[in-house]
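Visitor:
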Amino acid sequence: MNVDAVLLQKRLRSTKRHFSYEAFDEPLSDALKKLEVTFFNVIVDAATSAIRERFSHWREVWSAL
28 MNVDAVLLQK RLRSTKRHFS YEAFDEPLSD ALKKLEVTFF NVIVDAATSA
78 IRERFSHWRE VWSAL
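Here my numbering is used: the first residue of the sequence shown is 28, the next is one more, and so on.
The following block contains the structure:
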């Protein structure tokens, strides 16, 4: 199938800041970049955390030998 993946861009919502000392976070206008930040990076972070936890457990087990 020759189907292009197209993500529709939504209208950017503006929100009021209650405090002037809050940092200004620029909203993501690119749909693919937003997908990467909200989905892909979260999955990669969870996977690396799980791998580190698993190997740290094995390091404790095998260090006794």
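Using N, Cα and C, we set each Cβ at its ideal position, and we do this for glycine too.
No experiment lies behind these values; they were computed from the predicted model shown.
Say whether the segment 58 to 71 touches the segment 80 to 88, bearing in mind that this needs 3 or more beta-carbon pairs closer than 8 Å, one atom from each stretch.
Guide: Flag = no, the segment 58 to 71 and the segment 80 to 88 do not touch.
Visitor: According to DSSP, simplified to helix, strand and coil, what is K37?
Guide: Looking at K37 - three-state DSSP - the assignment turns out to be coil, as it is neither helix nor strand.
Visitor: Is K43 helix, strand or coil when you go by DSSP?
Guide: It is coil, neither helix nor strand.
Visitor: Taking Cβ to Cβ, would you say P54 is nearer than 7 Å to L35?
Guide: Their beta carbons are not under 7 Å apart, which means P54 does not touch L35 by this criterion.
Visitor: For S76, would you say it is in contact with chain C, using Cβ-to-Cβ distances shorter than 7 Å as the test?
Guide: No chain C appears in this structure, which consists of one protein chain only.
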